[in-house]
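Input: a single structure, listed below in structure tokens.
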Amino acid sequence: MLSEGATVLDAGANIGVYSQFLSHCVGSTGVVHSFEPSPDNFKRLRAATRKLSNVRLNQFAVSNKTGESPLYISEELNVDHRVYPKEGETRRTLSIRSTRLDDYVKSGEHVDLIKMDLQGFELHALKGANRVSADNPDIKLLLEICPFALKQAGANAMTSSRLSGTKAW
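Quick note: the sequence shown, position 119, residue 101 per the working numbering, numbers continuous.
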């Protein structure tokens, strides 16, 4: 799936488990761009990848818009922070920066893989990567797809599948 020299975007990098793995997959000539908006998770991501010269850290969320966004913090699970409110739930919020991948990736820049684990926000983030996808027709997507979370965020797995041009598995 990935070879030496590949370029990867790791959206929702959390504490860096996938970023570390992907760093080894792409080797010293490849690059992994890791995105994590949570300050606490970002500190752990930085520590986990500090010796990996091919990992570029970005402390912001990947979204369908570039600017400021709220991050709804889960006090129970560091893997369940979200950029959208869950109905009937009250969470502490932080103001964070967000970016569209189309704004982050330079026009014409090659991208081999986008990995996303965004707690149901993957569809929205993919809408912010239309140009990146068009510039890279062979791009691969590795998405966490949770129908319940997609529905909470206002999407569903089949809509996400049609948007990306891939088959739902």
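A virtual CB, placed ideally from N, CA and C, is assigned to each residue, including glycine.
Backbone secondary structure at residue i - three-state DSSP
| i | result |
| --- | --- |
| threonine 131 | Here the sequence assigns alanine to residue 131, which means threonine is not the residue at that position. The answer is helix: DSSP assigns alanine 131 an H, G or I state. |
| arginine 32 | coil |
| lysine 88 | coil |
| phenylalanine 103 | coil |
| lysine 25 | helix |
| arginine 82 | coil |
| serine 45 | coil |
| leucine 59 | coil |
Residue i - partner residues in DSSP beta bridges
| i | result |
| --- | --- |
| asparagine 118 | In DSSP, asparagine 118 forms no bridge with anything. |
| aspartate -8 | Ser16, Lys97 |
| asparagine 40 | Phe17 |
| proline 52 | Ser77 |
| arginine 64 | Tyr54 |
| leucine 125 | Met98 |
Contact check, residue i vs residue j, beta carbons under 8 Å
| i | j | result |
| --- | --- | --- |
| serine 5 | threonine 31 | yes |
| methionine 98 | leucine 59 | no |
| phenylalanine 42 | serine 80 | yes |
| glycine -2 | arginine 38 | no |
| phenylalanine 103 | arginine 64 | yes |
| serine 45 | histidine 92 | no |
| aspartate 84 | lysine 122 | no |
| glutamine 2 | lysine 68 | no |
| arginine 113 | serine 89 | yes |
| asparagine 36 | valine 8 | yes |
Cβ distance (whole Å) where residue i is taken to contact residue j below 8 Å
| i | j | result |
| --- | --- | --- |
| glycine 12 | glycine -6 | Not quite, the Cβ-Cβ distance comes to about 20 Å (not below 8 Å), so this is no contact. |
| alanine 111 | isoleucine 96 | 7 Å |
| leucine 53 | proline 19 | 5 Å |
| arginine 82 | lysine 33 | No, arginine 82 and lysine 33 are not in contact; Cβ-Cβ is about 30 Å, not under 8 Å. |
Separation of residue j from residue i, as counted between CA atoms
| i | j | result |
| --- | --- | --- |
| isoleucine 78 | leucine -16 | 31 Å |
| tyrosine 86 | asparagine 40 | 10 Å |
| tyrosine 0 | alanine 131 | 21 Å |
| threonine -11 | histidine 15 | 8 Å |
| glutamate 71 | serine 115 | 34 Å |
| alanine 29 | asparagine 118 | 31 Å |
Distance cut-off 7 Å: residue i Cβ against heavy atoms of the ligand NAD
| i | result |
| --- | --- |
| alanine 137 | Because no ligand of any kind appears in the structure shown, any question about the ligand NAD cannot be addressed here. |
Cutoff 8 Å: residue i Cβ touching any chain C Cβ
| i | result |
| --- | --- |
| glutamine 101 | In summary, chain C is missing from the structure at hand, where a single protein chain is found. |
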